[in-house]
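Undergrad: I'd like to ask you about the structure that follows.
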Amino acid sequence: MHDTSRIDDAVLEADQLSLFLRAGRGTELKIVDSVSFSIARGEFYALVGESGSGKTVIARSLMRLFPPNTLRMEGRLVVDGVDLTTAPASRVQRMRGRSISMIFQEPMTSLNPLMTVERQIDEAIAVVGGMGRRERRERVVELLADVQFANPGSVRSMYPHELSGGMRQRAMIAMALANNPSLLIADEPTTALDVTIQEEILQLLLRLRDQHGLSILFISHDLSLVRRFADRIGVLYGGVLMETGPAHELIDHPTHPYSRALIDCIPRRREAGKRQAGIDGLVPGVADWFDGCRFAPRCPRMAEDCRHGRIEMTPTQPAQVARCLHPL
Amino acid sequence: MQAWRFLELKFIVGVVCLGSIIVLALFGGLVAGHDPNEQNLLFALEPPFGPEGGYLLGTDHLGRDLLARMTSGARVSLAIAGSVVVLSGVVGVLVGALSGYLSGTRDILIQKVVETFWAFPPILLAIAILAFFGPSLTNVIIALTIQRWIPYCRIARAQALMLRSREYISAAKIMGGGTVWVLRHHILPNLLASAIIIGTFTMATAILAESSLSFLGLGVPPSVPTWGGMLAEGRSYITRAWWLAVLPGLGIFLTVLGLNLLGDWMRDQLDPKAALNLS
Amino acid sequence: MLRHIAGRVLGAVPVVLLVALGIFALVRLAPGDAASTLAAEDATEADLARMRAQWGLDQPVLVQFFYFLTNLARLDFGTSYRYHAPVTELIGQRLPATIELAVIALLIAAAIAVPLGVATALRKGSWLDGLGSLVAVLGVSAPSFWIGILLVLFVSGYLNLLPSSGRIPLDVPLREMTGFVLIDSLLQGQVGVFRQGLEHILLPATTLAFGMIGIIARISRSAVIDVGQEEFVVTAVAKGLKRREVVRNHLLPNATVPIITIIGLELGTLISGSIVVEVVFSWPGLGSLLYSAVTSRDIPLTTGIVISYTFIFISLNVLVDLVYVLIDPRLRVGRA
Numbered sequence: 031m032h033d034t035s036r037i038d039d040a041v042l043e044a045d046q047l048s049l050f051l052r053a054g055r056g057t058e059l060k061i062v063d064s065v066s067f068s069i070a071r072g073e074f075y076a077l078v079g080e081s082g083s084g085k086t087v088i089a090r091s092l093m094r095l096f097p098p099n100t101l102r103m104e105g106r107l108v109v110d111g112v113d114l115t116t117a118p119a120s121r122v123q124r125m126r127g128r129s130i131s132m133i134f135q136e137p138m139t140s141l142n143p144l145m146t147v148e149r150q151i152d153e154a155i156a157v158v159g160g161m162g163r164r165e166r167r168e169r170v171v172e173l174l175a176d177v178q179f180a181n182p183g184s185v186r187s188m189y190p191h192e193l194s195g196g197m198r199q200r201a202m203i204a205m206a207l208a209n210n211p212s213l214l215i216a217d218e219p220t221t222a223l224d225v226t227i228q229e230e231i232l233q234l235l236l237r238l239r240d241q242h243g244l245s246i247l248f249i250s251h252d253l254s255l256v257r258r259f260a261d262r263i264g265v266l267y268g269g270v271l272m273e274t275g276p277a278h279e280l281i282d283h284p285t286h287p288y289s290r291a292l293i294d295c296i297p298r299r300r301e302a303g304k305r306q307a308g309i310d311g312l313v314p315g316v317a318d319w320f321d322g323c324r325f326a327p328r329c330p331r332m333a334e335d336c337r338h339g340r341i342e343m344t345p346t347q348p349a350q351v352a353r354c355l356h357p358l
Numbered sequence: 086m087q088a089w090r091f092l093e094l095k096f097i098v099g100v101v102c103l104g105s106i107i108v109l110a111l112f113g114g115l116v117a118g119h120d121p122n123e124q125n126l127l128f129a130l131e132p133p134f135g136p137e138g139g140y141l142l143g144t145d146h147l148g149r150d151l152l153a154r155m156t157s158g159a160r161v162s163l164a165i166a167g168s169v170v171v172l173s174g175v176v177g178v179l180v181g182a183l184s185g186y187l188s189g190t191r192d193i194l195i196q197k198v199v200e201t202f203w204a205f206p207p208i209l210l211a212i213a214i215l216a217f218f219g220p221s222l223t224n225v226i227i228a229l230t231i232q233r234w235i236p237y238c239r240i241a242r243a244q245a246l247m248l249r250s251r252e253y254i255s256a257a258k259i260m261g262g263g264t265v266w267v268l269r270h271h272i273l274p275n276l277l278a279s280a281i282i283i284g285t286f287t288m289a290t291a292i293l294a295e296s297s298l299s300f301l302g303l304g305v306p307p308s309v310p311t312w313g314g315m316l317a318e319g320r321s322y323i324t325r326a327w328w329l330a331v332l333p334g335l336g337i338f339l340t341v342l343g344l345n346l347l348g349d350w351m352r353d354q355l356d357p358k359a360a361l362n363l364s
Numbered sequence: 002m003l004r005h006i007a008g009r010v011l012g013a014v015p016v017v018l019l020v021a022l023g024i025f026a027l028v029r030l031a032p033g034d035a036a037s038t039l040a041a042e043d044a045t046e047a048d049l050a051r052m053r054a055q056w057g058l059d060q061p062v063l064v065q066f067f068y069f070l071t072n073l074a075r076l077d078f079g080t081s082y083r084y085h086a087p088v089t090e091l092i093g094q095r096l097p098a099t100i101e102l103a104v105i106a107l108l109i110a111a112a113i114a115v116p117l118g119v120a121t122a123l124r125k126g127s128w129l130d131g132l133g134s135l136v137a138v139l140g141v142s143a144p145s146f147w148i149g150i151l152l153v154l155f156v157s158g159y160l161n162l163l164p165s166s167g168r169i170p171l172d173v174p175l176r177e178m179t180g181f182v183l184i185d186s187l188l189q190g191q192v193g194v195f196r197q198g199l200e201h202i203l204l205p206a207t208t209l210a211f212g213m214i215g216i217i218a219r220i221s222r223s224a225v226i227d228v229g230q231e232e233f234v235v236t237a238v239a240k241g242l243k244r245r246e247v248v249r250n251h252l253l254p255n256a257t258v259p260i261i262t263i264i265g266l267e268l269g270t271l272i273s274g275s276i277v278v279e280v281v282f283s284w285p286g287l288g289s290l291l292y293s294a295v296t297s298r299d300i301p302l303t304t305g306i307v308i309s310y311t312f313i314f315i316s317l318n319v320l321v322d323l324v325y326v327l328i329d330p331r332l333r334v335g336r337a
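Protein chains in written order, with my numbering: chain C, 31 to 358; chain L, 86 to 364; chain V, 2 to 337.
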């Protein structure tokens, strides 16, 4: 499908990206360490990790959605040719909603409860300007139809609480697509939804990707879900990218023991919510950063050298890289 | 960092404000050298630091020593507010613990009564009580306590309800400790920190209310000088003697400010995250 | 929604009954014979007999409470012996002045406090925020009657800018229509009287507002901060809106509901605060009427005013709850 080496077509490129949370009184907490990955035009990239792995922080740093002075970025994070680690705030603000859009986990809380769907989408369209009221109105209906609302004309005048969870998320997607962005960040957009609605939203995202050449960064904790939709997958653990590669290869031949463990947790057949036992031990907290591999304490293949120094990303398969000294 | 410095500032200013009032209450009388009710019409409306008569803070319209009267005001305010805090605490914790401990219908009944006390606008109930029963020291303390025990009652009830659901309390009861033992060993220790903070703010509102009542002539009998009473008496003379308007009010203001700042500071200490949010 | 309103109103009934019982107990427990407490000091035996009959004082306590409730329901609190007029009538005469004062005070307080609270929330941790919390703590620490006296001293006394007492000069001809000076004067086209009314109300209203500014500012601030942590604000930022637009279209409308609630709950402070402020400024409202009733030991008048204040307070609290329902579309549609 997509060749990982085709970096020159990248919509997003993270290179040795580290994120530091400013904890006050001059102290900093490293929460993401030297993450590198790229997303090509029209690619569906899934970033997978347990809670606390830093996946949401990475997603939000892509739009610099943090109060000023709370997060420091190191390395490079380029979207549409702009390095977000150094770009001035005004430049980042102009990219939001135009180059990059985002949808969130909780469609209930991520829509303004006091505004109709139309007003909220209209606001997103008006960000670019140059359209009259009438044109924007037509565009709202067009966008609502685009996210498969059967009756856009009546949906637009509704308040969020009058919509179901799936409808809200589709309204969010319509809003995110208002200005034809090149990258859509989806931060666990289906976690709060029923399984059937999940499927519906994912199919919609895939269709929009094909129609508009949209790149999608899909954040999830659910490997069993993304493996059926993603082109490529990145596995995140404790703020470190452990392995990345094409979805099928990574699922079939994981080279990092952590990826292996995650895949082993996927139930063989999708029985409602039932899973095999998780991995023993706990995800290390961001506060206790230690030397060597972050997965070492829980790793079945742990050797003495895993406990020391820096472990770099190394190719383990033609299209796969992993951060492991003793890959599978 | 800035938040931290602001916090320390709260503490320092709070201690200075409250400390100066406590010093006034303890030693003001020694410096004054006059009885607070001693009249000397020759020296009426003498300004502070005035040349005649040696009145450090001046005199009122009857030539009474303002420093001595301020001292009396400080003592009355602190004593009344202190008693109100202690009484509210005792009543509130007992009723609250009992209510939570009994739970069920009796708990609901007690809470309805609590709600009734809360349904009166603040100070109005105090005014009504003093109007019907006549002003006296005891009545003022009762009138001011009548709504102030409720916050204690709420936290004690919540604590008791929480403890009830835990097993070790019934174990303690089986061991023969009984209700008093449970109260002393399980409920009170857990409440101490919040009770002190509530107490600080309660004392602040009690002093404001006490001075309002004294101002309305519903406080302690007029033979005992109070800040509120001094302001009421001095009102007619303020254009000629600004100190009659400024000094007693300043006494109230500094005491209440000190208590509020210390209460804020303590609350921030207990919950540093809230402190960062606040400042 | 109707069910919500009905529920809220009915929910207040037991509290109202308990409050009535409380006041009844106060009157009963007060020292002295209840009839002589309720009647004037110079009442004759015949007066006392009439009093006993009206309040059922020769009956058992429960029956007495029933009489008390009936009199309450008929809004009949007896006759003030100081003013020799029905208590209800006296209260009715004074109530508009108190409401006028409270409304103007609330407007002044909200006009200062809400922008201050919003500004400090948006610049959390800045010098402005520090200043805001300083203003808040100073405001709640200063007794209102002291602020009032100081204002009288400086603004009326030294600067001679504004009148220090009363509502309008006595010699001003103003026909009473609504009882509100500011409204009546405008209705009658008397701009000069309106100005005088405004000048008279400014100092007492500012005094009354003073203590509330700090509280309302503090609550507005935390309301805005709370809303700022909502996910839809992040959505608004992610849409590419300018900060100004996020604040205007998303933050502030959503912070309005909690701010209005808190302002409503502050009405209690307003009521009790107004008693003292009315005395300081000789404002002819319910508060100064209560003051003169209490100082002349006019028990029927005192009882009547205490009951009126308490019921106004309870109804305001219910009303605020209902306003809350009206503002929020989630409740409006009937999912309450």
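Glycine included, every Cβ here is placed at the ideal spot set by N, Cα and C.
For clarity, every value in this text was computed on a predicted model and none was experimentally measured.
Taking E24 (chain V) as part of the alpha helix (DSSP H), name the residues at either end of that continuous run.
TA: The question names Glu, but residue 24 (chain V) in the sequence shown is Ile. Looking at the DSSP string, the run of the alpha helix (DSSP H) that includes I24 (chain V) is 3-30.
Undergrad: Classify W128 (chain V): buried if its beta carbon has 16 or more other beta carbons within 10 angstroms, exposed otherwise.
TA: Label assigned to W128 (chain V): exposed.
Undergrad: Where does F112 (chain L) land, buried or exposed, given buried means 16+ other C-beta within 10 angstroms?
TA: Exposed.
Undergrad: Opposite D353 (chain L) in the DSSP bridges: which residues?
TA: None; D353 (chain L) has no bridge partner.
Undergrad: Leaving out the 5 sequence neighbours to the left and right, which residues in its chain are closer than 8 angstroms to E231 (chain V) when beta-carbon positions are compared?
TA: Closer than 8 angstroms at Cβ, skipping near neighbours: N255.
Undergrad: What does I79 (chain C) pair with, by DSSP beta-bridge criteria?
TA: Here the sequence assigns Gly to residue 79 (chain C), which means Ile is not the residue at that position. DSSP, once it has assigned bridges, lists C:L266 as partnering G79 (chain C).
Undergrad: Give me, in chain order, the residues of the same chain whose beta-carbon lies closer than 7 angstroms to that of K304 (chain C); leave out the 5 immediate sequence neighbours on both sides.
TA: With a pLDDT of 47 at K304 (chain C), under the threshold of 50, the predicted position of this residue should be treated as unreliable, though the coordinate-derived value follows. Closer than 7 angstroms at the Cβ level, and outside the excluded window around K304 (chain C), lie P297.
Undergrad: With 9 angstroms as the threshold, decide whether the Cβ of S157 (chain L) is near any Cβ in chain V.
TA: Closer than 9 angstroms: no.
Undergrad: With 16 as the cutoff for other CB atoms within 10 Å, does L271 (chain C) come out buried or exposed?
TA: Label assigned to L271 (chain C): buried.
Undergrad: So which of L:S299, L:A243, L:Q232 has the shortest CA-CA distance to L276 (chain L)?
TA: Of L:S299, L:A243, L:Q232, the residue nearest in Cα terms is L:A243.
Undergrad: Residues of chain V with CB under 7 angstroms from E200 (chain L), in chain order?
TA: What E200 (chain L) touches in chain V: V16.
Undergrad: Does the distance between the C-beta of L271 (chain C) and the nearest non-hydrogen atom of the ligand PLP fall short of 8 angstroms?
TA: Ligands in the displayed structure: none, and consequently the ligand PLP is not present.
Undergrad: Assign Q306 (chain C) to one of three DSSP states: helix, strand, or coil.
TA: Any reading at Q306 (chain C) is ruled out, since the residue's pLDDT is 49, under 50, leaving its predicted position unreliable.
Undergrad: Measure from the alpha carbon of R29 (chain V) to the alpha carbon of each residue in L:W312, L:F218, L:G174, then state which is nearest.
TA: It is L:F218.
Undergrad: Among residues of its own chain, excluding the 5 on either side of A175 (chain C), which ones have a beta-carbon nearer than 6 angstroms to its beta-carbon?
TA: Excluding residues within five positions, the ones whose Cβ falls inside 6 angstroms are P182.
Undergrad: For L109 (chain L), which residues in the same chain have their Cβ closer than 8 angstroms to its Cβ, ignoring the five residues on either side in sequence?
TA: M155, T156, A159, G336.
Undergrad: Counting Cβ pairs closer than 8 angstroms, one from the region 164-182 of chain L and one from the region 312-323 of chain L, do we hit at least three?
TA: At 8 angstroms Cβ cutoff, the stretches do not touch.
Undergrad: Between E153 (chain C) and chain V, is the shortest Cβ-Cβ distance under 9 angstroms, so that the two count as touching?
TA: Yes, because at least one Cβ of chain V sits closer than 9 angstroms to the Cβ of E153 (chain C).
Undergrad: So G284 (chain L) contacts chain V; which residues on that side make the cut at Cβ distance below 8 angstroms?
TA: Within chain V, no residue comes near G284 (chain L); the closest Cβ sits about 17 angstroms away, beyond 8 angstroms.
Undergrad: Under three-state DSSP, which class holds P205 (chain V)?
TA: Helix at P205 (chain V).
Undergrad: By the criterion of Cβ-Cβ separation under 8 angstroms, what are the contact partners of L141 (chain C) in chain V?
TA: Near L141 (chain C) (Cβ distances below 8 angstroms), the residues of chain V are F233, T236.
Undergrad: Check the Cβ-Cβ distances between G305 (chain V) and every residue of chain L, and say whether any is below 9 angstroms.
TA: No, G305 (chain V) does not count as interfacial toward chain L.
Undergrad: Grab me the residues of T257 (chain V)'s own chain with a C-beta within less than 8 angstroms of its C-beta, minus the 5 sequence neighbours each way, in chain order.
TA: If we look at T257 (chain V) and ignore the five residues flanking it on each side, its Cβ neighbours are I328.
Undergrad: Just to check my reading of the structure: C336 (chain C) and A349 (chain C) have Cβ atoms closer than 8 angstroms, yes? What is that Cβ distance to the nearest angstrom?
TA: No, C336 (chain C) and A349 (chain C) are not in contact; Cβ-Cβ is about 24 angstroms, not under 8 angstroms.
Undergrad: So, using beta-carbon positions, are L209 (chain V) and G265 (chain V) closer together than 9 angstroms?
TA: For L209 (chain V) and G265 (chain V), no; Cβs fall outside 9 angstroms.
Undergrad: Please work out which residues of its chain come closer than 7 angstroms, Cβ to Cβ, to I323 (chain L), disregarding the five sequence neighbours upstream and downstream, and give them in chain order.
TA: Here the set comprises L329, A330.
Undergrad: Roughly how many angstroms lie between the CA atoms of A40 (chain C) and G322 (chain C), to the nearest whole one?
TA: A40 (chain C) and G322 (chain C): Cα-Cα distance of roughly 31 angstroms.
Undergrad: In the structure shown, what three-state DSSP assignment does D272 (chain C) receive?
TA: According to the sequence provided, residue 272 (chain C) is Met. The question's Asp does not apply to it. Reduced to three states, the DSSP call for M272 (chain C) is strand.
Undergrad: Can you find the residues in the same chain that come closer than 6 angstroms, C-beta to C-beta, to A289 (chain L), ignoring five residues on each side of it along the sequence?
TA: For A289 (chain L), where only same-chain residues beyond five positions count, the Cβ hits under 6 angstroms are V341, L344, N345.
Undergrad: For the region 160-167 of chain L against the region 205-220 of chain L, are there 3 or more C-beta pairs whose distance is under 8 angstroms?
TA: Output reads no: the region 205-220 of chain L does not touch the region 160-167 of chain L.
Undergrad: Taking its Cβ as the centre, do 16 or more other Cβ atoms sit within 10 Å of S194 (chain C), making it buried, or is it exposed?
TA: S194 (chain C) is exposed by the Cβ-count criterion.
Undergrad: Can you check whether the C-beta of R298 (chain V) is within less than 9 angstroms of a C-beta belonging to chain L?
TA: Closer than 9 angstroms: yes.
Undergrad: Quick check on DSSP: helix, strand or coil for F320 (chain C)?
TA: Note: F320 (chain C) maps to coil in three-state DSSP.
Undergrad: When the Cα of R298 (chain V) is compared with those of V:I220, V:Q197, V:P174, V:Y82, which residue comes out closest?
TA: Checked all of V:I220, V:Q197, V:P174, V:Y82; the closest Cα to R298 (chain V) is V:Y82.
Undergrad: Which of the residues in the region 117-150 of chain V, read from start to end, lie with their CB under 9 angstroms from any CB of chain C?
TA: Of all residues in the region 117-150 of chain V, K125 have a Cβ within less than 9 angstroms of some Cβ in chain C.
Undergrad: Find out if the Cβ-Cβ distance for the pair S187 (chain C), T146 (chain C) is shorter than 9 angstroms.
TA: Yes, the pair counts as a contact, with Cβ atoms nearer than the cut-off.
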